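Chains as they are written, first to last, in my numbering: chain B, 9 to 150; chain Y, 2 to 433.
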């Protein structure tokens, strides 16, 4: 119970203080995925939907986190070299042609893991502190 | 249904909370976790249902001013502050029929046409395979890097795409037909090929209302992405038929043909457009350049109606929310000697220099170079404010991109009203 209260308090702190320094950000896939490591350039292509497959040609489905999440901002600025405005500009070019839609968005690390553990083709990013045996780390962003 | 289930779970959660004391902490944590998953799944189901129908919108609004008394062709802008040329409101509706097919349409209202709503494009798309998509309906013609989102100001750094280049093929911005999109990757190069065909019938406001029909339109486009680079190459062919009877062009054509000085008549004129473009964006620096050329086939005699060429180059640098940019653009008509030849034939036949046909031999030559310096400021991740100063540097004695007859009158009057024209724009772009 105390653990639960502690984790709730940490979550509340994170929400209230988006400038808090995050631990390492990791990109994760299903444990059975044959990909063992992936470059930031390939991650960028998958999350910007320039490609729909992993480097080994298997299908890749990116899972995004909510707008405003500091983890998301860090991920896109480091991996795709785009801030939130640039990202919106990029997606508006695809949305307003009907040619593309941004990745599916989920609420938190837990949901990213939950989806990836059920879908071998999914790829997402989470805080390294959230990693457990339901996912496999293929990239670490320091 | 899903909402009812959600309420039931919330009620259950409250009951559970009040019975905490009687449950061991480990079991409680497990129960809470299960509940969280259930609730998230239900929310996800609701989200999925909502996602079958999506509405996105964009808006541009602002003020423009030109210090010339001759209006610009593309915006009707002249020496007073005008709020309508840049005003655009667009709504995009997307209905997902199933995992493989959808219907998408974009409704656009423009300030310069009193916000009359038109379906700019709309199509049915079917994903034949993950890499191959078939589309049918009214489709944008892929002639430029920005063809697909010409009016979504938020999507590009400038106030608007270069008029010198993009207005060159404005008659053919869309077609009624079908196309296929094929996506593939070779190494780290992601490519999209687009092959389409269709027709278009429309009335252009130019030359007193020109009713035209474009058939046998074939469009081919290739777009490749590699790291920060995007390259594209496009070809479009059009079989162009326009009824110029009773228009100013028709009157002039009678003079040309009766004097054996060529013709304007658009009777199955084959027009070929080809263009290339390159863009670089590494998150800090942005570079973009495009060039387009035209060619006419089956055209007898002197080329009265001119072949046009255009290009632009732009560079921008991002400093957090502020992005200053520079844009140079130029267009010009070629085959001027053909029109001089036609003019000489008409002069020899005793046609007055003020006859419409002879005026057209001057009017149809267009050359314009412009320089623009601008800055855009990101107000929020979905809104930008842009300011641009554009200097129309040189028109080389032609009417440039100014309104033809007003510009020609100005040139005849010896007024130097065109070169050195300053155009100022302040525009607010938002997506929602």
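Positions of the beta carbon are idealized from the N, C-alpha and C atoms, including for glycine. Small disclaimer: the values here were computed from a predicted structure and weren't measured.
**Asked** residue 440 (chain Y) to residue 154 (chain Y), Cα distance in whole Å?
**Response** No answer is possible for residue 440 (chain Y): the residues shown for chain Y start at 2 and end at 433.
**Message:** List, in chain order, every chain B residue whose beta-carbon is nearer than 7 Å to that of residue 1 (chain Y).
**Reply:** Here chain Y has residues from 2 to 433 only, and residue 1 (chain Y) is not among them.
**Message:** At the 9 Å Cβ level, is residue 59 (chain Y) part of the contact set with chain B, yes or no?
**Reply:** yes
**Request:** Could you tell me whether the Cβ of residue 1 (chain Y) comes closer than 9 Å to any Cβ of chain B?
**Result:** Outside the modelled stretch of chain Y, which goes from 2 to 433, sits residue 1 (chain Y), for which no answer is possible.
**Asked** What residues from the region 89 to 117 of chain Y come within 8 Å of chain B, judged by C-beta to C-beta, listed N to C?
**Response** 91, 93, 95, 103, 105 and 107
**Request:** Look at the alpha carbon of residue 264 (chain Y) and the alpha carbon of residue 213 (chain Y), and state the distance between them as a whole number of angstroms.
**Result:** 17 Å
**Request:** Show which residues of chain B have a CB atom less than 7 Å away from the CB atom of residue 255 (chain Y).
**Result:** Those within 7 Å of residue 255 (chain Y) in chain B number zero; the least Cβ separation is about 43 Å.
**Prompt:** So, are the CB atoms of residue 1 (chain Y) and residue 198 (chain Y) less than 9 Å apart?
**Reply:** Given that chain Y is displayed from residue 2 to residue 433, the structure contains no residue 1 (chain Y) and the question cannot be resolved.
**Prompt:** What separation, rounded to the nearest whole angstrom, lies between the Cα atoms of residue 91 (chain Y) and residue 32 (chain Y)?
**Reply:** 48 Å
**Message:** Just to confirm the assignment, what range does the beta strand (DSSP E) spanning residue 293 (chain Y) have?
**Reply:** 286 to 298
**Message:** Taking the beta carbon of residue 338 (chain Y) as the centre, do at least 16 other beta carbons fall within 10 Å, making it buried, or is it exposed?
**Reply:** exposed
**Message:** Run through the DSSP bridge pairs and tell me what residue 403 (chain Y) is partnered with.
**Reply:** Y:73
**N- and C-terminal bounds of the beta strand (DSSP E) containing residue 270 (chain Y)** = 267 to 282
**Item:** According to DSSP, residues forming a beta bridge with residue 150 (chain B)
**Value:** None; residue 150 (chain B) has no bridge partner.
**Item:** DSSP-derived helix/strand/coil call for residue 83 (chain Y)
**Value:** strand
**Message:** Looking at chain B, is there any beta carbon in it that lies within less than 9 Å of the beta carbon of residue 153 (chain Y)?
**Reply:** yes
**residue 33 (chain B), buried or exposed, once every other Cβ within 10 Å from all chains shown has been counted against 16** = buried
**Item:** Bounding residues of the beta strand (DSSP E) (the contiguous stretch that carries residue 94 (chain Y))
**Value:** 89 to 97
**Message:** Let me see if you follow: with CB-CB separation under 9 Å, is residue 105 (chain B) close to chain Y or not?
**Reply:** yes
**Asked** Who are the Cβ neighbours of residue 42 (chain B) in its own chain at under 6 Å, not counting the five residues just before and after it?
**Response** 64
**Prompt:** If contact means a Cβ-Cβ distance below 9 Å, which residues of the region 77 to 90 of chain B contact chain Y?
**Reply:** 85, 88, 89 and 90
**Prompt:** Going by C-alpha distance, which of Y:340, Y:371 and Y:184 is nearest residue 360 (chain Y)?
**Reply:** Y:340
**Message:** Counting only C-beta atoms, is residue 387 (chain Y) closer than 9 Å to chain B at any point?
**Reply:** no
**Prompt:** From this set, Y:402, Y:368 and Y:342, which residue's C-alpha is nearest residue 362 (chain Y)'s C-alpha?
**Reply:** Y:342
**Neighbour flag for residue 354 (chain Y) against chain B, beta carbons, 9 Å** = no
**Message:** Counting C-beta neighbours from all protein chains within 10 Å, is the total for residue 239 (chain B) 16 or more, i.e. buried, or is it exposed?
**Reply:** There is simply no residue 239 (chain B) to check, as chain B begins at 9 and stops at 150 in what is shown.
**Message:** Please give the ranges of any alpha helix (DSSP H) in the region 219 to 264 of chain Y, keeping only runs that are unbroken, at least 4 residues long and fully inside the region.
**Reply:** 249 to 259
**Three-way DSSP call (helix, strand, coil) for residue 144 (chain Y) in this model** = coil
**Request:** Report the residue from Y:103, Y:131, Y:132 and Y:114 whose alpha carbon sits nearest the alpha carbon of residue 123 (chain Y).
**Result:** Y:103
**Message:** Can you find the residues in the same chain that come closer than 8 Å, C-beta to C-beta, to residue 127 (chain B), ignoring five residues on each side of it along the sequence?
**Reply:** 38 and 69
**Message:** Any beta carbon from chain B within less than 9 Å of residue 383 (chain Y)'s own beta carbon?
**Reply:** yes
**Message:** Checking 9 Å against the spacing of the C-beta atoms, do residue 71 (chain B) and residue 112 (chain B) come in under that value?
**Reply:** yes
**Asked** Any contact of the region 232 to 242 of chain Y with the region 267 to 275 of chain Y, i.e. 3+ C-beta pairs under 8 Å?
**Response** yes
**Message:** On a Cα-Cα basis, can you pick out the residue from Y:390, Y:420 and Y:385 that is closest to residue 400 (chain Y)?
**Reply:** Y:420
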